[in-house]
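Be aware that the first sequence starts at 5, since it is given in my numbering, and climbs by one per residue.
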Amino acid sequence: MQSLKTQEMSVTSIIQPAVISALEQLFQQTFTAKDFQINETKPEFEGDYTVVLFSLLKPLKQSPDQLGKTLGNYLLEQQPALFVSYNVIKGFLNLTISDSYWSDMLNKHFEDKAYGKKAGNGKKIVVEYSSPNTNKPLHLGHLRNNFLGWSISEILKADGYEVIKTCISNDRGIHICKSMVAWQWFANGATPESTGMKGDHFVGDCYVMFGNVYKEEVRSLVEKGMSEEQAEKEAPVMKAAQQMLVDWEAGKPEVITLWKTMNSWVYSGFDITYKRIGSDFNKMYYESDTYLLGKKLVEEGLQKGVFFTRPDNSVWVDLTADGLDEKIVQRKDGTAVYITQDIGLAVNKYEEFKYDQSIYVVGDEQNYHFKVLKLICEKLGLPSSDGIYHLSYGMVELPSGRMKTREGTVVDADDIIDEMISVAAAKTAELGKVKDFTETELKELYDTIGLGALKFFILRVDPKKRMVFNPEESIDFHGFTASFVQFSHARAKAILRNEDSNKEYIYQGSSPLLPLEKALLIMLERYPQIITQAAADHNPSLLVIYCYELAKTFNSFVTEHRVLKAESADKKELRLRICRMTANVLASGMELLGIKVPERM
RNA sequence: GGUCCGGUAGCUCAGUUGGAUAGAGCAUCAGCCUUCUAAGCUGAGGGUCAUUGGUUCGAAUCCAAUCCGGAUCACCA
5 MQSLKTQEMS VTSIIQPAVI SALEQLFQQT FTAKDFQINE TKPEFEGDYT VVLFSLLKPL
65 KQSPDQLGKT LGNYLLEQQP ALFVSYNVIK GFLNLTISDS YWSDMLNKHF EDKAYGKKAG
125 NGKKIVVEYS SPNTNKPLHL GHLRNNFLGW SISEILKADG YEVIKTCISN DRGIHICKSM
185 VAWQWFANGA TPESTGMKGD HFVGDCYVMF GNVYKEEVRS LVEKGMSEEQ AEKEAPVMKA
245 AQQMLVDWEA GKPEVITLWK TMNSWVYSGF DITYKRIGSD FNKMYYESDT YLLGKKLVEE
305 GLQKGVFFTR PDNSVWVDLT ADGLDEKIVQ RKDGTAVYIT QDIGLAVNKY EEFKYDQSIY
365 VVGDEQNYHF KVLKLICEKL GLPSSDGIYH LSYGMVELPS GRMKTREGTV VDADDIIDEM
425 ISVAAAKTAE LGKVKDFTET ELKELYDTIG LGALKFFILR VDPKKRMVFN PEESIDFHGF
485 TASFVQFSHA RAKAILRNED SNKEYIYQGS SPLLPLEKAL LIMLERYPQI ITQAAADHNP
545 SLLVIYCYEL AKTFNSFVTE HRVLKAESAD KKELRLRICR MTANVLASGM ELLGIKVPER
605 M
């Protein structure tokens with residue numbers, strides 16, 4: 005399929021075939037892109053890009069020096085407009101790219117706000133993320149999920165995919181019944197409205213209350229001589245919750261009504277949080293709808309011989325040949341287990357969207373679950389089952405260790421967001437640079453800085469790794485942070501606001517590029533590839549690091565060189581364009597992370 | 001115990017399919033605001049890349065073993 009937009013030609017994608025063709029001409033041997041590496045030249049050496057020659061020496065029977073010189077000379081001869089000089093050190097051929105290449109790149113893209121975004125590739129990806137339980141408010145772990153899911157969706161879109169963001173709400177089950185029982189027994193008809201609480205926190209408190217009462221009941225039963233195990237089964241609140249689940253499945257009207265009411269409280273709370281953090285979905289699924297979906301698939305699987313039945317009537321799949329275990333897919337009483345509905349949902353999603361890839365943003369404690377899910381889908385013959393991808397992320401821990409509900413160390417999402425925003429406000433006030441802002445503008449700025457810091461702090465870590473969330477470090481607005489990038493953007497914009505603009509001027513590229521100018525151009529040129537790489541790796545942290553490094557180089561550039569009072573008109577225009585393109589790319593990159601950049605801060 | 005993931009500076013993290021003297025931030029120390037935003041810039045110190053062996057021109061990266069940490073192996077979700 006032909007792309008509508010001409011594909012970005014990166015400099016490496018030009019050098020590679022040039023080298024291959026050179027080797028063919030010079031030595032009559034054919035190589036592919038995989039046979040040698042092209043890297044950016046390390047700053048301590050002269051040059052922009054480096055061809056690593058070692059892997060070519062043996063087949064060509066050349067010494068590093070010979071080959072480097074032969075190849076370097078040939079490349080310069082063939083493409084004098086692109087390569088201006090070379091040097092060979094050990095097995096490294098360092099090539100210097102002509103200034104005109106870089107200035108052409110700049111002139112072509114400096115105003116393009118869509119720079120780096122690819123034309124549609126016709127492929128469709130379903131991303132499932134967030135997926136909360138409706139019994140308690142969101143916490144720090146959910147934030148990592150939401151930030152990752154949203155960001156990877158946007159990155160995939162930018163790379164040319166059509167993306168459908170979905171969310172499965174775990175809205176039924178024993179957990180919500182616990183909150184319901186607690187409300188019935190102890191709330192005296194209180195509501196979020198009557199207490200002035202956010203709905204998800206209100207229901208979360210009911211859930212906690214259930215836990216406390218349950219613990220107390222168990223303790224008292226044990227005191228009366230009951231065994232611990234027995235007491236846990238006999239505690240009245242637990243029995244009530246279990247009864248409620250049965251009643252729910254039977255569709256008992258007053259239970260359904262209460263369930264709907266309490267879920268609506270939770271959703272109204274979630275909506276507020278989602279809106280603040282910018283999470284959105286194209287399609288919502290509800291477990292209360294999907295939990296029966298898998299049954300049909302189980303039946304089909306049995307007919308196909310994928311599943312088998314045990315004497316007690318439970319249904320299993322044998323995955324021992326794939327290095328896993330036997331796994332239950334339906335209980336002996338015929339009810340669905342967790343994976344049953346996931347099988348149903350996977351098929352459902354496929355039928356609805358005919359996706360090429362289906363991504364699940366779910367914590368790494370479910371790695372095994374998703375291996376099983378994918379295998380089962382394969383065995384059932386679900387088309388595109390190899391497109392099932394578990395975007396697995398590590399747990400968020402505190403410096404003191406794991407968050408524990410019992411110890412009250414769970415960091416609440418709303419609390420940490422409030423905290424970040426208020427510290428952003430305090431810091432902004434202290435610096436006193438935006439005293440002319442209106443109340444509305446200030447509020448927006450605090451949100452931008454506070455939320456940006458939080459997202460950046462969490463997204464900067466490779467998803468698959470566990471991470472430590474240090475509250476003190478997260479509110480630091482110096483160094484490797486969102487504020488640093490935001491500040492750099494504001495700085496660029498400040499220069500552009502003051503620009504004594506001369507629209508007629510066309511940059512000629514007549515004066516040589518200084519190191520920091522060129523360094524920025526090289527980085528800017530790489531942006532489209534960064535998006536592609538982040539999309540391919542499902543890893544927003546690549547973009548975080550890129551934005552930070554670009555901002556860092558830009559800050560050095562601004563400190564070192566004057567833009568508005570540049571040495572020449574030529575330089576001034578060059579630098580103005582660098583400022584514009586840098587601001588655009590920073591804004592674009594941060595946008596893909598869900599982080600806004602301010603005009604002033 | 002089986003499987004999977006991780007271990008890099010005091011702390012938090014980078015390190016693209018093996019490439020040049022392993023990099024950032026925080027923290028510590030020393031400089032830089034009559035010049036486009038100092039939420040900034042410049043510099044210094046800080047490393048047995050968990051350990052041992054192997055593969056090769058070359059290993060933080062690949063392989064094996066060991067040690068440490070985590071997850072998982074539920075008719076929970």
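By construction, the Cβ of each residue, glycine as well, lies at the ideal position given by its N, Cα and C atoms. Note that the structure is a prediction, hence the values are computed from the model and not measured.
Each residue's CA atom was taken as its position, placing TYR295 and THR344 some 8 angstroms apart. Taken through DSSP and simplified to helix, strand or coil, HIS565 comes out as coil. Between SER388 and GLN361, the alpha-carbon positions lie close to 7 angstroms from each other. Distance from ILE380 to VAL319 at the Cβ level is roughly 12 angstroms; contact not present, criterion being Cβ atoms closer than 8 angstroms.
Going by DSSP, MET266 is part of the alpha helix (DSSP H) stretching over 257 to 281. Here GLN32 carries a coil assignment [DSSP, helix/strand/coil].
Around GLY454, the same chain offers MET424, ILE425 and ALA428 as residues with beta carbons nearer than 6 angstroms, after the five sequence neighbours per side are excluded. Here ARG464 is buried, its C-beta having at least 16 other C-beta atoms within 10 Å.
Between SER155 and VAL131, the CB-CB gap reaches or exceeds 8 angstroms. If you look at LEU395, you'll find it in the beta strand (DSSP E) that goes 392 to 397.
In the displayed model, MET184 falls within a helix according to three-state DSSP.
8 angstroms or more divides the Cβ of GLU81 from the Cβ of LYS127. As computed with DSSP, ILE101 is found in a beta bridge with PHE87. Below 8 angstroms, enough C-beta pairs join the region 42 to 62 and the region 84 to 100 to call them touching: three or more. The alpha-carbon separation between SER104 and LEU525 amounts to approximately 11 angstroms.
ASN216 counts as exposed, since fewer than 16 other C-beta atoms from the protein chains shown sit within 10 angstroms of its C-beta. Sorting SER135, ASP440, PHE374 and VAL589 by C-alpha distance to the C-alpha of MET288 places SER135 at the top. About 7 angstroms separates the beta carbon of ARG584 from that of GLU115, a gap short enough to meet the 8 angstroms contact definition. Rounded to whole angstroms, ASN150 and PRO467 show a C-alpha spacing of 12 angstroms. Under the DSSP assignment, SER173 falls in the beta strand (DSSP E) whose first and last residues are 166 to 173. The DSSP-derived three-state label of ASN192 is coil.
Excluding its 5 nearest sequence neighbours in each direction, GLY305 has C-beta neighbours in its own chain below 7 angstroms: PHE311 and LEU384, listed in chain order.
Distance from the CA atom of TYR393 to the CA atom of PRO315, rounded to whole angstroms, is 34 angstroms. Taken in chain order, the complete beta strand (DSSP E) segments of 3 residues or longer contained in the region 279 to 329 are 287 to 290, 311 to 313 and 319 to 322. Taking the Cα positions, ALA85 is about 35 angstroms away from ALA498. In the DSSP secondary-structure assignment, MET471 is bridged to VAL400. The beta-carbon distance between ALA494 and PRO602, rounded to whole angstroms, is 6 angstroms. This is short enough to meet the 8 angstroms contact definition. DSSP places THR54 inside the beta strand (DSSP E), whose first and last residues are 53 to 56. Excluding sequence positions up to five before and after PHE31, its CB lies within less than 6 angstroms of the CB of LEU64, all in the same chain and listed in chain order. With respect to the 8 angstroms criterion, ASN139 and VAL207 are classified as neighbours on the basis of their beta carbons. With contacts defined as CB atoms closer than 8 angstroms, ALA191 and CYS171 fail to qualify as a contacting pair. Taken in chain order, the whole beta strand (DSSP E) runs of length 3 or more contained in the region 126 to 155 are 128 to 132. Going by beta carbons, ALA340 and GLY298 fall inside the 8 angstroms limit. Sixteen is the threshold: since fewer than 16 other Cβ atoms of the shown chains lie within 10 Å of the Cβ of MET13, the residue is exposed.
For ASN216, the enclosing alpha helix (DSSP H) stretches over residues 203 to 227.
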